[in-house]
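Residue numbers (our numbering), protein chains in the order written: chain A, 1 to 229; chain B, 1001 to 1239.
A virtual CB, placed ideally from N, CA and C, is assigned to each residue, including glycine.
Okay, structure first, notes after.
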């Protein structure tokens, strides 16, 4: 347990300027802004770089950004997402894509032809779909589409969640890469940009993929100790 | 020398009933990630105070009439558990909890970058499990940590601490007896990186000099508390 006393205060650690991979907290001064550009999670205020999120600082060229330790999915056009039907009207479905706002799936962009008023016969509430973000407004409202190759209703397998910022760890050739997970489990695995993972295959395979994803989430917390690569 | 009844609240050497000097604060510990279903959470133990804060969102604001087209709204709810005090608290909202929810929300609004999430809502639930004076300060400080833990963008974290007066002696971070039988209380919310003030209340009377002393004690205490908040966010204690 840490005990706060005025006699055990230590000095600030930002005296030497920004360092790659250091974990920062909101309000932390990352040094002079001269020669640097502010990326995700960084603000420039009074010629100083200011962290606005809790996460790992990354320096790419002269751009400073923060990879947050926890994040919410914010949709961007052309993102592949897995959503759940939350509601519908006569010609529109409302899709939960894990973002602050539900997306809209108009009947014209739906999976198949449907007559006015028969939306529930095509996609019922609670069903999962693989879709793509078509449009995002400034106010964060978004429209998704199911017109495109591979976009469909999901009617088998299992859907798991990870934090969206962890998706980058699934790419590449490492132990936890998506390719390796697919090979080990012999399952079809689709990682959507909103952090939802569709796993289709036999039950043992699904269990092993879910275990790998759980490990990935747990290991990501070791970022704080600088142990996760 | 301060005292109530036969009990001395400050002894001849200037030490208080729990052995602290006038500027000492109670022991603090913070643990993040204690509510797995929340987007961000923390448990803060400050002396005998224990508070759990969970943050949800940003999410769609309901009902629609509360939505703001240019920014998110912060929905802060401070609540004391019925078993948190020696006298059973009646469950549910009361005037005090509404007031604290309001002032906490106002203090946090000055640091959270709400304009990044138009039409959304960020829910902050502050639940006091055990109360021993200064729960509004603990709630506000813990809410800052939980918001940072949830990945909500903020320009700074709010650190809140109170100083007060016991029989004409100004002391920092009052405990239960000092709060109940003291003469004044000055809780403040301070931004540690800039020293700006985002929250101030005063209960009781302080002379200008005593006010200045209480102000200085609060400002001094902020750095130590801020370090513990940083430590909790950087190195976790996450489950």
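Residue burial classification, residue i (beta-carbon count within 10 angstroms, cutoff 16)
{"i": "residue 218 of chain A", "result": "exposed"}
{"i": "residue 1115 of chain B", "result": "exposed"}
{"i": "residue 215 of chain A", "result": "exposed"}
{"i": "residue 1063 of chain B", "result": "exposed"}
{"i": "residue 116 of chain A", "result": "exposed"}
{"i": "residue 134 of chain A", "result": "buried"}
{"i": "residue 1086 of chain B", "result": "exposed"}
{"i": "residue 1069 of chain B", "result": "exposed"}
{"i": "residue 1024 of chain B", "result": "buried"}
{"i": "residue 1090 of chain B", "result": "exposed"}
{"i": "residue 45 of chain A", "result": "exposed"}
{"i": "residue 79 of chain A", "result": "buried"}
{"i": "residue 1175 of chain B", "result": "buried"}
{"i": "residue 1235 of chain B", "result": "exposed"}
Test: residue i CB closer than 8 Å to a CB of chain B
{"i": "residue 50 of chain A", "result": "yes"}
{"i": "residue 39 of chain A", "result": "no"}
{"i": "residue 101 of chain A", "result": "yes"}
{"i": "residue 91 of chain A", "result": "no"}
{"i": "residue 43 of chain A", "result": "yes"}
{"i": "residue 111 of chain A", "result": "no"}
{"i": "residue 211 of chain A", "result": "no"}
{"i": "residue 214 of chain A", "result": "no"}
{"i": "residue 21 of chain A", "result": "no"}
Cut-off 7 Å between Cβ atoms - residues of its own chain near residue i, not counting five sequence neighbours on either side
{"i": "residue 87 of chain A", "result": "94 and 125"}
{"i": "residue 25 of chain A", "result": "51 and 54"}
{"i": "residue 74 of chain A", "result": "99"}
{"i": "residue 1049 of chain B", "result": "1130, 1131, 1132, 1134, 1135 and 1138"}
{"i": "residue 38 of chain A", "result": "44, 49 and 64"}
Close-in-space but distant-in-sequence residues of the same chain around residue i (CB under 6 Å, 5 per side omitted)
{"i": "residue 1054 of chain B", "result": "1035, 1038, 1041 and 1125"}
{"i": "residue 1067 of chain B", "result": "1061 and 1119"}
Residue(s) in a DSSP beta bridge with residue i
{"i": "residue 1199 of chain B", "result": "B:1189"}
{"i": "residue 139 of chain A", "result": "DSSP output for residue 139 of chain A lists no bridge partner at all."}
{"i": "residue 1076 of chain B", "result": "B:1124"}
{"i": "residue 1044 of chain B", "result": "B:1030 and B:1051"}
{"i": "residue 1217 of chain B", "result": "Partner(s): none; residue 1217 of chain B has no beta bridge."}
{"i": "residue 177 of chain A", "result": "Bridge partners of residue 177 of chain A: none, in fact."}
{"i": "residue 67 of chain A", "result": "A:56"}
{"i": "residue 1056 of chain B", "result": "B:1123"}
{"i": "residue 23 of chain A", "result": "A:56"}
{"i": "residue 32 of chain A", "result": "A:48"}
{"i": "residue 1154 of chain B", "result": "B:1112"}
{"i": "residue 1130 of chain B", "result": "B:1050"}
Within 8 Å, strictly: CB atoms of residue i and residue j
{"i": "residue 1108 of chain B", "j": "residue 1076 of chain B", "result": "yes"}
{"i": "residue 1138 of chain B", "j": "residue 1010 of chain B", "result": "no"}
{"i": "residue 83 of chain A", "j": "residue 136 of chain A", "result": "no"}
{"i": "residue 210 of chain A", "j": "residue 160 of chain A", "result": "yes"}
{"i": "residue 1135 of chain B", "j": "residue 1159 of chain B", "result": "no"}
{"i": "residue 1129 of chain B", "j": "residue 1052 of chain B", "result": "yes"}
{"i": "residue 177 of chain A", "j": "residue 170 of chain A", "result": "yes"}
{"i": "residue 1184 of chain B", "j": "residue 1204 of chain B", "result": "yes"}
{"i": "residue 1046 of chain B", "j": "residue 1026 of chain B", "result": "yes"}
{"i": "residue 1229 of chain B", "j": "residue 1105 of chain B", "result": "no"}
{"i": "residue 129 of chain A", "j": "residue 104 of chain A", "result": "no"}
Contact with chain A by residue i, beta-carbon distance below 8 Å
{"i": "residue 1013 of chain B", "result": "no"}
{"i": "residue 1150 of chain B", "result": "yes"}
{"i": "residue 1018 of chain B", "result": "no"}
{"i": "residue 1193 of chain B", "result": "yes"}
{"i": "residue 1216 of chain B", "result": "no"}
{"i": "residue 1233 of chain B", "result": "yes"}
Own chain, CB closer than 8 Å to residue i, minus 5 neighbours either side, in chain order
{"i": "residue 48 of chain A", "result": "29, 30, 31, 32 and 33"}
{"i": "residue 1153 of chain B", "result": "1112, 1113 and 1116"}
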